[in-house]
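If you count the sequence shown from 1, position 374 lands on 373 in numbering that gives the first Met the number 0, and the numbers rise without skipping. Cβ coordinates follow ideal geometry from the N, Cα and C atoms, glycine included. Have a look at the structure below before the remarks.
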Amino acid sequence: MNEKKPVYITAIGVHLPNKAISNDEMEDYLGLIGGKPSRSKDRMLQQNGIHTRYYAMDKAQQATDSVAGMAAKAIDNCLDKAKVDKSAIQLLTAGTTQADLPVPGFASMLQAEAALPVCGISSHQSVCAAGIMALKSAFLQIQSGEYQRALSCASDMPSRMFKASRFETQPKIQEKGLPLDTDFLRWMLSDGAGTMLLADQKNSKGLSLEIEWIDVKSYANSFGVCMYAGTNKQKDGSTGQYWLDYPDFSAADADSAINLKQDIKLVNQTVNLGVQHFFELIDRGKIDPKTMDWLLCHYSSEYFKQPIIDLLQKGGLHIEDDKWFSNLHSKGNTGSASIYIMLEELFYSGKLKAGQELICMVPESGRFITTFMKLKVIAPSSETKEILISKEDEILAPEIHIANKPIQEKLVRELTQTWVDFELSLRNTPIIDRIYNGTITLEDYRLLLLNLRQQVIDGSQWIARAASNVSMEYFDIRSSFISHSRDEHRDYQILEKNYINCGGTREELYTGEKNLGSDALSSYMFHKASQPNPFDLLGGMFIIEGLGNRLAGKWGRAIQQQLELKDDQVSFFIYHETSDSNDNHFERFEKALDSELLTEEIAKRISKTAKVVAKLYQMQLAEIGNY
Numbered sequence: 000m001n002e003k004k005p006v007y008i009t010a011i012g013v014h015l016p017n018k019a020i021s022n023d024e025m026e027d028y029l030g031l032i033g034g035k036p037s038r039s040k041d042r043m044l045q046q047n048g049i050h051t052r053y054y055a056m057d058k059a060q061q062a063t064d065s066v067a068g069m070a071a072k073a074i075d076n077c078l079d080k081a082k083v084d085k086s087a088i089q090l091l092t093a094g095t096t097q098a099d100l101p102v103p104g105f106a107s108m109l110q111a112e113a114a115l116p117v118c119g120i121s122s123h124q125s126v127c128a129a130g131i132m133a134l135k136s137a138f139l140q141i142q143s144g145e146y147q148r149a150l151s152c153a154s155d156m157p158s159r160m161f162k163a164s165r166f167e168t169q170p171k172i173q174e175k176g177l178p179l180d181t182d183f184l185r186w187m188l189s190d191g192a193g194t195m196l197l198a199d200q201k202n203s204k205g206l207s208l209e210i211e212w213i214d215v216k217s218y219a220n221s222f223g224v225c226m227y228a229g230t231n232k233q234k235d236g237s238t239g240q241y242w243l244d245y246p247d248f249s250a251a252d253a254d255s256a257i258n259l260k261q262d263i264k265l266v267n268q269t270v271n272l273g274v275q276h277f278f279e280l281i282d283r284g285k286i287d288p289k290t291m292d293w294l295l296c297h298y299s300s301e302y303f304k305q306p307i308i309d310l311l312q313k314g315g316l317h318i319e320d321d322k323w324f325s326n327l328h329s330k331g332n333t334g335s336a337s338i339y340i341m342l343e344e345l346f347y348s349g350k351l352k353a354g355q356e357l358i359c360m361v362p363e364s365g366r367f368i369t370t371f372m373k374l375k376v377i378a379p380s381s382e383t384k385e386i387l388i389s390k391e392d393e394i395l396a397p398e399i400h401i402a403n404k405p406i407q408e409k410l411v412r413e414l415t416q417t418w419v420d421f422e423l424s425l426r427n428t429p430i431i432d433r434i435y436n437g438t439i440t441l442e443d444y445r446l447l448l449l450n451l452r453q454q455v456i457d458g459s460q461w462i463a464r465a466a467s468n469v470s471m472e473y474f475d476i477r478s479s480f481i482s483h484s485r486d487e488h489r490d491y492q493i494l495e496k497n498y499i500n501c502g503g504t505r506e507e508l509y510t511g512e513k514n515l516g517s518d519a520l521s522s523y524m525f526h527k528a529s530q531p532n533p534f535d536l537l538g539g540m541f542i543i544e545g546l547g548n549r550l551a552g553k554w555g556r557a558i559q560q561q562l563e564l565k566d567d568q569v570s571f572f573i574y575h576e577t578s579d580s581n582d583n584h585f586e587r588f589e590k591a592l593d594s595e596l597l598t599e600e601i602a603k604r605i606s607k608t609a610k611v612v613a614k615l616y617q618m619q620l621a622e623i624g625n626y
């Protein structure tokens, strides 16, 4: 299997046609239905919160552009920013709600309109999710190594579906006016296009956005159609005949089958499903709200934002106002292009910093699709130092030198597998992930030290308690525990000096508390240490001392290099590389395993304790800052 390549968004272009149009001007462009002003316009505009939008149409209701034409201009804008020639493009993916032509595909029309070279293409048609579908296609094809550079585009031009002349041959509408399911959309949707340049190499100058994953879920099997064109829904919710099944196009038009509509009774499901998907991703560990710096949520109307906030809070999640980003009020709801237009504004705003995490949420009410994307802001390669460690580094479990006896050999095999699982989980824990990808900040590092201190202090205490519960017949083991406790007492003093040398204060150290993971780890260790002859704690010592032996020094040197720190700011981590090595702490561990105390039953308990401690230690690092 080929190694997955990193994928970066290196430039974003947009095209918003003509000039910004205010609410008061909308009917000058869209026209009056039956010569009468809309009765629902003011209420709809108050609800959706949009102040200005753009139309690729003039006041005579003549198109000034096309769906492909707007996308082509967004491509030019994107490539101009990137200073990349069209000849370098190997793949074009494109999404829209409704293209200029039913046939051929939108990407084919766009390739010709933009004068792109021979390249791979992929067309995507849906509603708001079409742009994300196109982006995921480009992402996966670059990630696989098939292409090195691609354009992903989204463009929508709903204005020409809502111009007054569109409804002139529809008798019911001329007599009674637009029904709410169409009039509602008339005041919500607007025109625009966006393009992203994707590559397997980040920018040498300026920030890039690394795409970590894109998650798309469709619920079409569970719900009826909500936003649609080409048919009419019956009273029972079923769809009538399709527009091509009418005797001719005129008959379909007269019956309003070609009109774009939204079932108001169903639309709130979009919010419910989107929030449900959000929490599923949190439960799967793909989103960590604590490390999320920006939430770009495509809600089609301001009306839907508060219900989203309310549902998130009911689930125990509060997202601060300054983390939300939207330009709905000024750019309007541009459907599939909205997330492109939002990202473009934020990307070039100067607000992004290397290491920040962005979560993009794009729901769709067509037949209900929810999509999420996670991006990470990456520093330019010219500013990025060589990272001393990598997630691709070989995982090497701590070496255990003991006699070749069946019980010992079996235990070593089990501990080795536990270690491999443990180190893999650590590499994907947010605070450690930032060390590996070179985005850890000084604030992150101080927080790491502050959170570790509470557990390190407890370490000497639970080891001392364990020693007091070892009977005299195991005097050598008891002595090892006591010596170990003395060493641990020195450890936290080194940690405190590092913290203060990095700008922290003693008050912060002394008033700090254990995070949720540290609390769970310490409680478990004290519980085990309180049992008679708690030899299964050797499993916990294997994990904790092994971490110092195998990983602490690597982390310390990487942090020192990335943050340009002095030795007295990282000595806690680097000291452990030798302190916890085989000629000190680990030697005591090995002697205990080689002694007569290691029965098959105790070996089993040691193995299980190692697994539990590995889980709890990873939890401690995952819950950094969560008290």
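Look at Ser39 here: in three-state DSSP terms it is coil, with no helix or strand label. Taking Asn403 as reference, the option from Thr168, Arg412, Arg549 with the minimal CA-CA separation is Arg412.
In this structure the segment 25-41 does not touch the segment 190-207; the number of beta carbon pairs closer than 8 Å is below three. Apart from sequence neighbours up to five positions away, the residues of its chain that approach Gly229 with a beta-carbon distance below 7 Å are Tyr241, Trp242, Ala256, Ile257, ordered along the chain. Gln147 is not a Cβ neighbour of Ala73, given a cutoff of 8 Å. DSSP places Gln142 in the helix class (H, G or I) of the three-state scheme. Of the residues Ile318, Lys565, Glu622, the one whose Cα lies closest to the Cα of Leu515 is Glu622.
Put simply, the segment 328-337 does not touch the segment 285-292. Fewer than three CB pairs are less than 8 Å apart. The Cβ neighbour count for Tyr491, taken over all protein chains shown within 10 Å, is at least 16; the residue is labelled buried. Contact between Leu449 and Leu546 fails: their C-beta atoms lie close to 18 Å from each other, not under 8 Å.
Residue environment analysis places Met187 among the buried positions, since at least 16 neighbouring C-beta atoms fall within 10 angstroms of its C-beta. Comparing C-alpha distances from Gln460 to each of Gly33, Ser522, Thr369, Val376 shows the shortest one belongs to Ser522.
In this structure Gly104 is not in contact with Gly130, their Cβ atoms being roughly 15 Å apart against a cut-off of 8 Å.
Using a C-beta cut-off of 8 Å, the segment 67-86 makes contact with the segment 147-161, since at least three inter-stretch Cβ pairs fall below that distance.
Sorting Ala396, Glu442, Asp535, Ala528 by C-alpha distance to the C-alpha of Gly503 places Glu442 at the top.
Counting only residues of its own chain and dropping the five nearest sequence neighbours on each side, Thr238 has a CB closer than 7 Å to the CB of Val224, Thr230, Lys232.
Its chain contains no residue whose beta carbon lies nearer than 6 Å to that of Pro178 once the 5 sequence neighbours on both sides are disregarded. For Cys152, the enclosing beta strand (DSSP E) starts and ends at 148-155.
Here Thr96 is buried: its Cβ has 16 or more other Cβ atoms, across all protein chains shown, within 10 Å. In terms of CA proximity to Ala609, Met524 leads the group Ile88, Ala378, Gly624, Met524.
If you look at Thr181, you'll find it in the alpha helix (DSSP H) that goes 179-185. Of all alpha-carbon atoms in His50, Phe248, Lys58, the one lying nearest the alpha-carbon of Phe161 is that of Lys58. DSSP, read as helix, strand or coil, puts Thr269 in helix. Scanning Tyr53, Met195, Gln89 for the CA closest to the CA of Asp79 turns up Met195. Nearest C-alpha to Tyr626 among Glu506, Gly236, Leu446: Leu446.
In this structure Gln61 is exposed. Its beta-carbon is surrounded by fewer than 16 other beta-carbon atoms within 10 angstroms.
At the C-beta level, Leu265 and Phe303 stay beyond 8 Å of one another.
Under the three-state reduction of DSSP, Leu316 is assigned to coil, being neither helix nor strand.
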